[in-house]
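**Q** One structure is given below, represented as structure tokens, and several questions about it will come after.
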Amino acid sequence: MRSLNDGSEGSDAAVKFSRISLAELVDMRAAESTFRNLLKSLHIQSKEIERLKASIVSLEEKIVEQNSQYVESIRRHTSIEARIADVETAIRLPNVRNASLGSIVAANYKEIVNLREKMSRKIEPPVVEEAWNRLDAKISTEIQAIRKSSVNLELISSLHMNQDALHAKVVHLSAQIESKMDQVDVARIETAIAKLHAFIPRSSEIESNLLRLEERMKDAELSCHHQAQISSVDIAKLREMLDAQSQLSTQERTRWKETHQALNAIIQKCRRNIATCHDQLRELKSVHEREAIASKGQLEKINQALNHWVDEVKSELEQRLTNAAWARYKKSFDAALASKATTTDVESTYSRLDKIDAWAILCDSHVQLSMRFIDWFFHRGDAYEHNLQLMESQLKQLSLRRQQEPFARFAD
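FYI, in my numbering the residues of the sequence shown are 2 to 413.
Now the structure itself:
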């Protein structure tokens with residue numbers, strides 16, 4: 002009787018255990034949606050990383066181009082300064098120092114005007130030569146007239162005086178002739194004056210071009226400096242972002258490793274629980290088989306004994322008991338037989354055990370699928386570490402939805 006009661010309790014536990022489905026253990030729809038969201042966020046974040054890399058490359062190219070433009074502008078500025086120095090050296094006056102190009106041109110123009118005024122006050126060589134010829138002819142005629150006329154002392158003295166005056170005039174004219182320039186020098190000076198006149202507007206144009214070049218150089222230097230500041234700020238921001246990303250990746254990698262270890266521990270625990278469940282199922286099956294065999298034997302023996310006893314009782318009752326006593330004994334015997342397990346109950350227990358075994362095989366396939374996903378997620382690399390926190394929260398929610406776990410009774 003006691004063995005039959007134990008068998009009925011084991012069958013009830015098996016029925017309760019078979020009622021727990023995989024949907025109560027893990028919400029597969031929520032897990033699938035979580036995995037899809039993870040894949041979508043991974044795809045978006047990979048695109049964002051590629052876009053950041055492309056922007057970094059373009060910024061570096063712009064910085065290189067701006068540096069080359071800055072170097073080219075510095076080189077052109079140096080060549081322009083050298084040319085300006087050559088021009089200033091060529092047109093510099095001997096008595097003027099540390100002057101600009103405009104002041105040098107103005108001084109040259111003033112000197113040219115002074116030279117023109119001096120030239121206008123000088124006597125031309127043809128005029129001097131003509132006067133000399135006239136004077137020579139006049140002297141010759143006067144000498145001939147003196148020779149022809151009678152000479153007296155007054156005339157001689159006047160002639161001496163005239164000759165002295167004439168000699169003084171001749172000396173003065175000779176001094177003026179010596180101070181005069183040659184025709185070649187005059188031509189050279191006029192050529193230089195014409196060149197200076199032609200160079201004055203050109204020098205003004207050169208000076209305005211130089212001023213514009215200086216302004217453009219200043220603007221280019223300011224723009225280069227501004228671009229360098231912007232580039233330095235962008236590079237600093239990108240470096241901060243990369244440092245924060247690397248630091249966050251390191252933290253998430255550490256957290257992911259810890260979570261992975263915890264998941265491995267949970268998975269190992271689940272495997273041990275599943276193995277324990279299989280062992281207990283096999284033990285229950287063997288126990289039920291033995292109990293069924295023993296129950297069948299006991300039932301046959303009981304039936305035989307009961308039949309024999311019933312026959313004996315009937316024979317005895319026929320001899321000793323009345324009809325009322327026989328009805329009372331028959332009722333007690335029927336109640337005793339109703340409390341025993343029948344062949345139908347044993348067969349239903351066998352069918353329940355088969356269902357439990359099939360459910361355990363299904364759980365094993367789902368656990369293998371979960372292990373494959375965890376291995377796949379582990380081998381995907383560091384790019385999925387930032388999603389581990391989301392997965393951990395989702396798994397925590399999934400675990401909190403089902404508080405009644407089928408293996409809680411077998412937990413270590």
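Note that CB positions come from ideal geometry on N, CA and C, so glycine has one too.
Going by C-alpha to C-alpha distance, which of 112, 118, 167, 40 sits closest to residue 135?
**A** Taking only the C-alpha atoms, the option nearest residue 135 is 167.
**Q** Classify residue 362 as buried or exposed, calling it buried when 16 or more other Cβ atoms lie within 10 Å of its own Cβ.
**A** Counting Cβ neighbours within 10 Å, residue 362 comes out exposed, since fewer than 16 surround it.
**Q** Check this for me: beta carbons of residue 35 and residue 372, under 8 angstroms apart or not?
**A** Result no, Cβ atoms of residue 35 and residue 372 do not sit closer than 8 angstroms.
**Q** Given this structure, state the Cα-to-Cα distance separating residue 137 from residue 113, to the nearest angstrom.
**A** Their Cα atoms are separated by approximately 37 angstroms.
**Q** Would you call residue 370 buried or exposed, if buried means 16 or more other Cβ atoms sit within 10 Å of its Cβ?
**A** Exposed is the call here.
**Q** Could you check if residue 50 is buried or exposed, using at least 16 other CB atoms within 10 Å of its CB as the buried criterion?
**A** Exposed.
**Q** Judging by CA-CA distance, which residue of 238, 128, 223 is the nearest neighbour of residue 75?
**A** It is 223 whose Cα lies nearest to the Cα of residue 75.
**Q** Would you list, in sequence order, the uninterrupted alpha helix (DSSP H) runs of no fewer than 4 residues that lie entirely inside the region 33-83?
**A** You should have found no qualifying run.
**Q** If you draw a straight line from the C-alpha of residue 80 to the C-alpha of residue 130, how long is it?
**A** Residue 80 and residue 130: Cα-Cα distance of roughly 55 angstroms.
**Q** Within 10 angstroms of its Cβ, does residue 414 collect 16 or more other Cβ (buried), or is it exposed?
**A** The structure shown has nothing for residue 414, since the chain only spans 2 to 413.
**Q** Whole angstroms are fine: how far does the CA of residue 44 sit from the CA of residue 263?
**A** The straight-line gap from Cα to Cα measures roughly 27 angstroms.
**Q** Can you have a look at residue 354 and say buried or exposed, based on whether 16 or more other CB atoms are within 10 angstroms of its CB?
**A** Classification of residue 354: buried, given that the 10 Å Cβ count is 16 or more.
**Q** What's the call for residue 350, buried or exposed, on a 16-neighbour Cβ count within 10 Å?
**A** Label assigned to residue 350: buried.
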